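Numbering (our numbering), first residue to last: 2 to 573. Here the structure is laid out as structure tokens; the discussion comes afterwards.
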Ligand code: GLC
Ligand code: CA
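This is the structure we're talking about:
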């Protein structure tokens, strides 16, 4: 609800919340056509309530030709046919709210689909009223047959597409079917404000702002766009990421719309360093409420794409530096998985053999005990794992397919493609959710749009819920710690002190607030590891709050079992 009272203060509810991400295409098929949809989500509302999460982030469900699974929107005020109707959506938000679950929608406004009305108009002529909604430039060279500058698309190839009708090029930092909006045009910013208001007035509680750090591009006063520093995957990044007007545009959106609602925003902030992260999230700056940073999920990647070994010391450093810098200043989103990332099991744990459950619970503890808003990606709560792709024919993701189209001509690289994608592909997280051990993993009555992971026979919701010691029930307990006043307060307000930062096996930290602390120990390795308690903690009245093994002894130095993790609360 809009609130124009000048004393209105936002409640910042996200600081006490755990968010669950739904990728609708892969969550649950409600009408038996093999594609996940809103009716499927409605079927699972009780499931979400049982898990205990506070909010859902729903990946795009708007009208879209699906060139990038809904991240290419052709109508911001309507629902994708495959996902259902507006009535279904209304029933879904009502059902969520009845269960005290908030709804965060995906806001994809760096670009639209090329099938959006604005773009259809824009490409018609240079003097069309919608021309300046997008970024059009003349080409370079004789007859303008070379792209206007050297920037590359995040999906590979030039960031420009030639359009015959007007003999000019339009910018697309993602797929060709995703033309970038021109945020320097006040009309575009007004349109975005109207869209945001439209959804907030329908009761939406917040937005996950897709690639929001890209909306302002460096453009010279004469209208030319400078060349970027050469990098095959990210040429131009330094000129369009965190561009010259980004903070101004975000503040404008906040002031005009967001600040009048008790809502929240989380920005997808690629390439963000801590200094810039603070500019986006410091409360007094009124830009975004929180951001997703990428440092930790890039520690095992070279140039964001090529996998390299996991190094716990680097991983901890990436996380801890944000913990320290944000304390009492900004607020971050905590995540290990989403629809753009491979599954975390295996990736951050090494080969887990028969310790899948312990490993998944350990990862959950390591993340949820930090300061910030934790996100659980569908399937993470039952420990879903990566798929084993055998060939490119089994893949769906645009990014993966585009990379194939580049590397298939290079024999040596071609051979590395499948092994690399088995570690990196965005497809892993997009496999259908595994609900039961029945046909199609209980995701659909028909063959799903994307083949299910054959391990659904062992890994599925039904199995996990029925296992008292399963991952699902562990998540329930972990999430409920944010509802228990003493633990919740430390998690929300507590300081963060790391122990043994150079230790290659353990992640150990302490959260403290007003004389009470949480001591967190996580063994990231599939082997026994010695733990020595820090000398500067006295552990008065220790209470075991949560652990991934059943028989945890009172707090003491000891040998930790594979992936063993626990949290003790004590008085200082
Ligand atoms: C974000 C989305 C990703 C999409 C891209 C372009 O990174 O998470 O899935 O491909 O934006 O919209
Ligand atoms: Ca369906």
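Glycine is no exception: its CB is placed at the ideal position from the N, C-alpha and C atoms. All figures in this text were calculated on a predicted structure; none of them were measured in a lab.
Here residue 104 really is in contact with residue 57; their C-beta atoms are around 6 Å apart, less than 8 Å.
In the three-state DSSP reduction, residue 353 falls in the coil class, being neither helix nor strand. Rounded to whole angstroms, the Cβ separation of residue 283 and residue 248 is 11 Å, and the two are not in contact under 8 Å.
If you look at residue 194, you'll find it in the alpha helix (DSSP H) that goes 187-202. Apart from sequence neighbours up to five positions away, the residues of its chain that approach residue 356 with a beta-carbon distance below 7 Å are 527, 563, 564, ordered along the chain.
Linking residue 281 to residue 140 through their CA atoms gives a straight-line distance of about 34 Å. In terms of CA proximity to residue 300, 349 leads the group 336, 349, 292.
The beta carbons of residue 120 and residue 187 sit about 18 Å from each other, so the pair does not count as a contact at 8 Å. Not a single heavy atom of ligand 2 lies less than 6 Å from the C-beta of residue 406. Straight through space, the alpha carbons of residue 26 and residue 453 are spaced by roughly 13 Å. Taking residue 466 as the centre and dropping the five residues before and after it, the same chain places the C-beta of 473 closer than 6 Å to its C-beta, in chain order. With a threshold of 16 other beta carbon atoms within 10 Å, residue 358 meets it and is buried. In this chain, the alpha helix (DSSP H) harbouring residue 250 covers 247-257.
DSSP places residue 23 in the strand class (E or B) of the three-state scheme. Collapsing the DSSP output to three states places residue 381 in a helix. Contact annotation: residue 432 and residue 388 have beta-carbon atoms nearer than 7 Å.
Judged by DSSP secondary structure, residue 107 falls within the beta strand (DSSP E) whose first and last residues are 103-108. With contacts defined by Cβ atoms closer than 7 Å, residue 150 and residue 228 form a contacting pair.
Going by C-alpha positions, residue 333 is about 13 Å away from residue 20. Short note on residue 152: C-beta not closer than 6 Å to any heavy atom of ligand 1. Contact between the segment 322-333 and the segment 271-280 is present, with at least three C-beta pairs closer than 8 Å. If you check the CB distance, residue 75 and residue 114 come in under 7 Å. Residue 182 and residue 127 do not touch by the CB rule: their CB atoms are close to 18 Å apart, not below 8 Å. For the pair residue 53 and residue 481, the CB atoms are nearer than the 7 Å cut-off. For the options 100, 295, 135, the alpha carbon positioned closest to that of residue 51 is the one of 100. Checking the 6 Å criterion, the Cβ of residue 428 is out of range of every heavy atom belonging to ligand 1.
When DSSP reads this structure, residue 451 sits in no beta bridge, so it has no partner.
Per DSSP, residue 237 lies in no alpha helix (DSSP H) and is assigned neither H nor E. Within 10 angstroms of the beta-carbon of residue 312 lie fewer than 16 other beta-carbons, which makes it exposed.
Nearest neighbour of residue 83 by Cα position, chosen from 484, 521, 450, turns out to be 450. Listed in chain order, the beta strand (DSSP E) runs fully inside the segment 121-181 are 161-164, 169-172, counting runs of at least 3 residues.
Remark: the C-beta of residue 341 is in contact range of ligand 1, defined as less than 6 Å to any heavy atom. Ranked by Cα distance from residue 552, the first of 540, 538, 543, 567 is 567. Beyond the five residues adjoining it in sequence on each side, residue 224 comes within less than 8 Å, by CB distance, of 138 in the same chain, given in chain order. For the pair residue 461 and residue 401, the Cα-to-Cα distance works out to about 27 Å. Residue 491 is bridged by DSSP to nothing; it lacks a bridge partner.
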